[in-house]
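Sequential numbering from 1058 applies to the sequence shown in the numbering used here. Even glycine gets a Cβ: it sits at the ideal position worked out from N, Cα and C. None of these values were measured; they are calculated from a predicted model. One structure below.
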Amino acid sequence: MSSPITLVIGASRGIGLELVRTLSQDTSQQVIGSVRKPTNPLDAPNVRFVTLDQADRASVKAAAASVPELDVLIINAAIGDDEKVLSTSDERLAEYFNVNVSGPLRVIQEFLPALLARQTRKIAVISSGSGSLAGQINATGGFSGPYSISKAGLNMVAVQLHNELRDQNFTVQAIHPGWVATDMGNVTGSGGMPIPESARGVLERVKEATAKDSPRFVNWKGDTMLW
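As structure tokens, this is what we get:
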């Protein structure tokens, strides 16, 4: 039997790198991490890194050519800051959508043949509580503004992927990793949870989910989130 293969998009630091690190502890599986600039942030015998910028179709396509088979795709890469809608320029909103919405869709489109080459067929997008339409009404904490809009868009990408792939035994889910003490998370203040705690929770959610759960929006603890 072939070793399971998991690809983590956005693995140069923070949650993405910790996902790769945690996965690598199971030496029976292969782990691939994507980074925007050629680098090797983790040295492990069952880990390799590919250069990929999800904002650029050609970059995604080139990376996909080096991954013919894939069991699990986790899309973590994103941009985010504490910004307000009323002061967001056209260009800035377009940047958010290109990276946080179109980017994950590009990745899924280009890596779909690799996922179809295996039977596991799991896709997890790292979303946010900020992307919950119901949860954002009268919200006062965390990122809002254009980041929130883009994460709501990402959630809809997950729903529409489920609609189009449900007859092919895909498991599609959006996962809120919680408030984490990463470079991005620290923008809103201190107090975020340790990165390993969030990463472990995310991986548990990926492992437990099956096609009958798809689509779902949960947090790192497994609690159901409001779309």
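Is it buried or exposed for residue i, if we count other Cβ within 10 angstroms and need 16 for buried?
| i | result |
| --- | --- |
| Val1244 | Legend: pLDDT at Val1244 = 48, less than 50; position of this residue unreliable, value from coordinates given subsequently. Counting Cβ neighbours within 10 Å, Val1244 comes out exposed, since fewer than 16 surround it. |
| Gly1090 | buried |
| Leu1169 | buried |
| Gly1087 | A small correction: the amino acid at residue 1087 is Gln; Gly does not occupy that position in the sequence shown. Classification for Gln1087: buried. |
| Ser1081 | buried |
| Ser1060 | exposed |
| Ala1181 | buried |
| Leu1190 | exposed |
| Ala1215 | buried |
| Ser1144 | exposed |
| Gly1279 | exposed |
| Lys1264 | exposed |
According to DSSP, what are the bridge partners of residue i?
| i | result |
| --- | --- |
| Val1092 | Thr1108 |
| Arg1273 | Gln1230 |
| Thr1281 | Val1275 |
| Gln1217 | In DSSP, Gln1217 forms no bridge with anything. |
| Gln1087 | Ile1062 |
| Val1182 | Ile1132 and Ala1231 |
| Val1237 | Met1250 |
Does the distance from the CB of residue i to the CB of residue j come in under 7 Å?
| i | j | result |
| --- | --- | --- |
| Glu1130 | Ala1120 | It should be noted that the sequence gives Leu, not Glu, for residue 1130. No, the Cβ-Cβ distance between Leu1130 and Ala1120 is not below 7 Å. |
| Gly1160 | Ala1112 | yes |
| Ile1232 | Glu1075 | no |
| Leu1162 | Pro1203 | no |
| Ala1174 | Glu1221 | no |
| Ser1123 | Val1107 | yes |
| His1219 | Ser1187 | no |
| Val1092 | Ser1069 | yes |
| Val1259 | Pro1234 | yes |
| Gly1211 | Ser1255 | Residue 1211 is actually Leu in this sequence, not Gly. Not a contact, by the Cβ cut-off of 7 Å. |
| Gln1193 | Ser1205 | yes |
Return the Cβ separation of residue i and residue j in integer angstroms, given the expectation that the two are a contact with Cβ distance under 8 Å.
| i | j | result |
| --- | --- | --- |
| Val1065 | Asn1157 | Not confirmed; about 16 Å, so no contact. |
| Ala1266 | Gln1225 | Wrong, their Cβ atoms sit about 16 Å apart, outside the cutoff. |
| Arg1178 | Thr1228 | 7 Å |
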